[in-house]
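Take a look at the structure set out below.
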Amino acid sequence: MTLTITRLSPDDATAIDQWCHATEQVRRHEVPHFPPMPPRLVRLLLTHEYPGRRNLFHVALRDGEPVGRVDISLPTEENLRNLSFTIEVDPRFRRQGIGRQLLDFVLSVAADNGRTVLMSHSSLSLPDLPAHDGAGAAFGAAMGFGSTLPEVQRRLELASLDEAVLAGLYAHAQAKAEGYRLVHWREDTPDDLVAGVAYLDSRLISDAPMGDLQLEPEQIDTARMRQSEQVDRARGRQAWRVGAVHEATGQLAAFTAITTIEDVPWHAWQQITIVDPDHRGHRLGTLVKLENLRRFRAEAPLVEVIDTFNAAENSYMIAINDEMGYRPVHGAQNWQREL
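Mapped onto the working numbering, the consecutive letters of the sequence shown carry residue numbers 39 to 377.
Pasting the structure below:
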């Protein structure tokens, strides 16, 4: 039986459908709570790429039947030694050597592009949640990858929020944030804030827990920010953002974002929340997240849940999320191998 690895292109509807079929089989088995990936969205991902990264999507076919996928991401600005990838095999076809063949393909792409640090991820069992079968972790270890940076996905059910708790958290944070004012924006960042957002966004890898992952901070400037906003619009990605501005200096001290995709109207992601180190201790992270949640709920009534990921060691952000009502739904383990 022959395994064929086909790279997706925006005009190849058959390959996109096959990729979506393989992805859906794994999603149902591994992460049934994850939002689906409809073909139209995949086509948009292929057509519109973010600056600083080249993504290659592939479907694995055995005798014409989709049995898995392998997606590869190549940074093009920073982290030029790195390659990150996702390998997924339909549970019905596991333990037949398909994963190893897909990894061999990844290794060939790494060699062709001069990449020597490989990164991937697998599901991780968490206490009080149904255990995963451990197939991804066993495969990673067997292929010479080292585990690093466990992460936890948490979910906020918007129909069951405790309004009194949220009001109390907001009042406490607001009292600590004297000397700061809140600013709101949707899609394009206002001109007077874009440099501050780019600076804070560039700090993410330096400031957030990254474990032993070999990652360089991204150098995001205004032009790169504007290009990313254009990609968001093209993909149908909508964003709600709130920032905290230090009134004495006019500096953007913190910001956060919630995003949605048109194709999945019931679901949202809580994205980056970052506070400049010079302005910590004022509960700004809590304040901007709560303010953004309040505005988001009023303007996006179809959304039922908001998901977010945190490094398991990021105790500060986890504490904020727990107070707001987020609850763990999934664990993920990062893996890394240096060639």
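Don't be surprised by glycine CBs; every beta carbon is placed ideally from N, CA and C.
Rounded straight-line distance, which links the Cα of Ser185 to that of Leu164
The residue you call residue 164 lines up with position 126 of the sequence shown. The residue you call residue 185 lines up with position 147 of the sequence shown. Distance between the alpha carbons of Leu164 and Ser185 is about 16 angstroms.
I believe Ala282 touches Ala291 by the beta-carbon criterion, under 8 angstroms. Please report the beta-carbon distance rounded to the nearest angstrom.
Here residue 282 refers to the residue found at position 244 when the sequence shown is read from its first residue. Here residue 291 refers to the residue found at position 253 when the sequence shown is read from its first residue. About 5 angstroms separates the two Cβ atoms, so the contact holds.
What three-state label does DSSP hand Gln134 in the structure shown?
By 1-based counting over the sequence shown, the position of residue 134 is 96. DSSP places Gln134 in coil when its eight states are reduced to three.
Determine the burial state of Arg192: buried for a count of at least 16 other Cβ atoms within 10 Å of its Cβ, exposed for fewer.
For this step, residue 192 is matched to residue 154 along the sequence shown. By the 10 Å Cβ count, Arg192 comes out buried.
Is Ala53 closer than 8 angstroms to Val105 when the C-beta atoms are compared?
Here residue 105 is taken as the residue at index 67 of the sequence shown, counted from 1. Here residue 53 is taken as the residue at index 15 of the sequence shown, counted from 1. No, the pair does not count as a contact, with Cβ atoms beyond the cut-off.
For Val97, which three-state DSSP category applies?
Your numbering for residue 97 matches position 59 in the sequence shown. Reduced to three states, the DSSP call for Val97 is strand.
Quick one: give me the first and last residue of the alpha helix (DSSP H) that Met157 is part of.
As a working note, residue 157 is residue 119 in the sequence shown. It is not in any alpha helix (DSSP H) - Met157 instead sits in the beta strand (DSSP E) that spans Val155 to Leu162.
Start and end of the beta strand (DSSP E) containing Gly184?
Within the sequence shown, residue 184 is the residue found at index 146, counting from 1. First-last of the beta strand (DSSP E) with Gly184: Gly184 to Glu195.
For Gln289, which residues does DSSP report across the bridge?
As a position in the sequence shown, residue 289 is number 251, starting the count at 1. His284, per the DSSP bridge assignment.
Check Val108 in the structure and name its three-state DSSP category.
Taking the first residue of the sequence shown as position 1, residue 108 is located at position 70. It is a strand residue.
Please name the residue, chosen from Glu361, Thr42, Leu377 and Met39, that lies closest to Ala202 on a Cα-to-Cα basis.
Indexing the sequence shown from 1 puts residue 202 at position 164. Nearest of Glu361, Thr42, Leu377 and Met39 to Ala202, Cα basis: Glu361.
Per DSSP, what kind of secondary structure is Ser47 in: helix, strand or coil?
Taking the sequence shown and counting its residues from 1, one reaches residue 47 at position 9. Three-state DSSP puts Ser47 in coil, outside helix and strand.
In the DSSP assignment, what are the bridge partners of Val367?
Position 329 of the sequence shown, counted from the start, is the residue given in the question as residue 367. Bridge partners of Val367: none, in fact.
Taking 8 angstroms as the cut-off, does the stretch 316 to 328 touch the stretch 204 to 216 (at least 3 CB pairs, one atom from each stretch)?
yes
Could you tell me which residues DSSP puts in a beta bridge with Ile125?
As a working note, residue 125 is residue 87 in the sequence shown. Answer by DSSP bridge pairing, in chain order: Val108.
Would you kindly check if the distance between the Cβ of Thr294 and the Cβ of Trp307 is under 8 angstroms?
For the purposes of this step, residue 307 is taken as the residue at position 269 of the sequence shown. For the purposes of this step, residue 294 is taken as the residue at position 256 of the sequence shown. Contact flag unset, no.
With 16 other CB atoms within 10 Å as the buried threshold, where does Trp373 fall?
To locate residue 373, count along the sequence shown from 1; it is residue 335. Burial call: buried.
Whose CA, out of Leu207, Asp230 and Val80, lies closest to the CA of Gly288?
The residue labelled residue 288 in the question sits at position 250 within the sequence shown. Gly288 has its Cα closest to that of Asp230, out of Leu207, Asp230 and Val80.
Assign Asn348 to buried or exposed, taking buried as 16 or more other Cβ atoms, counted over all protein chains shown, within 10 Å of its Cβ.
Within the sequence shown, numbered from 1, the residue matching residue 348 stands at position 310. Burial call: buried.
Beta-carbon spacing of Arg153, Arg119 below 8 angstroms
Counting from one through the sequence shown, the residue named residue 153 turns up at place 115. Counting from one through the sequence shown, the residue named residue 119 turns up at place 81. A contact, by the Cβ cut-off of 8 angstroms.
For Ile312 versus Asp245, is the C-beta distance shorter than 8 angstroms?
Taking the sequence shown and counting its residues from 1, the one referred to as residue 312 is at position 274. Taking the sequence shown and counting its residues from 1, the one referred to as residue 245 is at position 207. In this structure, Asp245 lies closer than 8 angstroms to Ile312 by Cβ.
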